[in-house]
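In our numbering, the protein residues as written are 656 to 1028. All residues carry an ideal CB built from backbone N, CA and C; glycine is no exception.
Below is the structure:
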């Protein structure tokens, strides 16, 4: 084991001073420090000898492959991780062939992707070293970026294509009827583009941590009431009851404009998915040191499999239905970003076909404010 660590250290040390120091006898203290460093690495490190017996494994390797690093020492590699692909690549390394390739495994009930590098240790003490790097989050981030660009392109292309077609029709038509018909529709599509770009900017600010809050003492009922009034005609036209139910007065240090944006997005989303005869209730409450906002609707509800993802950007459970209602899948993601910026939390409960309840909790005590009892 000591010889293995010596070779690994010699590969890492390239300076003349380090090479000079290596001519001195190794000390137990330096060996222990080096072992601790390797053991603390987030990169998994696993050493095997020519008989495929495990000579060393750090905690990250055990976590990746699901074994106890201490108990695995002197055990066969296959007893520790039981992966035929890794065993094959270790045999190749023992023949002098290094390899780097991804490996997909089930770890703790979750599928994760690792970058596994296997290399020979050398002829002095035959064996192989395995490096395991968890790339699951990196690949997930790359996939999200690709999906983001694809979704943005699609969301922008649809209204732009409509505007182009309508303007071409107006230009080609000699009468006023085409202008009266298509110009208002083109203007509506421009408004949709402006709204989408605004949502994209808000989402970018929240994700980059650059969302600036103008904090002041805010009465939640005073914020909510004019917003419900603005949605009143739309709700009445659709036959949906829209009601504010303040449980108790509550004031909080917050950005009033951003909280208004939260309520606008939540009510707009609920109204689009609540059929005629349904209801939307907005509750303002307080408990302990938290201000609470709830938006309940009796709409279509959200499928159970989709519920954990509804606050992700561009996530929609039914893309065709969203196209009809005009949503882009950004509203709830923006709401979550604003709530997070206030140090709060947001959650959702739903039963398919019964409705949805979105709950927001924002701390009150930061500025010494309290709910009025």
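Going by C-alpha distance, which of 733, 723, 762 and 790 is nearest residue 756?
Considering only alpha carbons, the answer is 790.
To which residues of the same chain is residue 993 closer than 6 angstroms at the C-beta, ignoring the five residues directly before and after it?
Cβ within range, chain order: 913 and 917.
Using the C-alpha atoms, what's the distance from residue 932 back to residue 943?
If I take the Cα positions, the gap works out to 35 angstroms.
How should residue 1006 be labelled, buried or exposed, when 16 other C-beta atoms within 10 angstroms of its C-beta is the threshold for buried?
That one is exposed.
Roughly how many angstroms lie between the CA atoms of residue 946 and residue 768, to the nearest whole one?
Taking the straight line joining both Cα atoms gives about 41 angstroms.
Is the CB-CB distance between residue 775 and residue 704 below 8 angstroms?
Not in contact: residue 775 and residue 704 (Cβ atoms no closer than 8 angstroms).
Quick check for students: name the residue ranges of the beta strand (DSSP E) that lie wholly in the stretch 725 to 775, counting only runs of 3 or more.
Taking only runs of at least 3 residues, the beta strand (DSSP E) segments lying wholly in the stretch 725 to 775 are 754 to 762 and 765 to 775.
Checking 8 angstroms against the spacing of the C-beta atoms, do residue 954 and residue 1010 come in under that value?
The answer is yes: Cβ separation under 8 angstroms.
Could you tell me whether the stretch 876 to 892 touches the stretch 827 to 847, using the rule of 3 or more Cβ pairs below 8 angstroms?
With the cut-off at 8 angstroms, the stretch 876 to 892 and the stretch 827 to 847 do not touch.
Using 10 angstroms around the beta-carbon of residue 829, count the other beta-carbons present and answer buried if the total reaches 16, otherwise exposed.
By the neighbour-count rule (16 or more Cβ atoms within 10 Å), residue 829 is not buried but exposed.
Can you list, in chain order, the residues of its chain whose CB lies under 7 angstroms from that of residue 1018, leaving out five sequence neighbours each side?
Within the same chain, residue 1018 has close Cβ partners 944, 945, 998 and 999.
From this set, 696, 996 and 812, which residue's C-alpha is nearest residue 870's C-alpha?
Here the closest residue by C-alpha is 996.
Would you call residue 978 buried or exposed, if buried means 16 or more other Cβ atoms sit within 10 Å of its Cβ?
A caution first: residue 978 carries a pLDDT of 44, below 50, which makes its placement in the model too unreliable to give a value.
Quick one: Cα of residue 974 to Cα of residue 751, how far?
In this prediction, residue 974 has a pLDDT of 47, which is less than 50 and means its spatial position is unreliable; nothing more can be read from the coordinates.
Under a Cβ-count criterion, where at least 16 other Cβ atoms within 10 Å of its own Cβ denotes burial, should residue 726 be classed as buried or exposed?
Flag for residue 726 reads exposed.
From the DSSP output, in three-state form, read off residue 904 for me.
Coil at residue 904, not helix or strand.
Within 8 angstroms, do at least three Cβ pairs link the stretch 740 to 749 to the stretch 811 to 822?
Contact fails: fewer than three Cβ-Cβ distances are below 8 angstroms.
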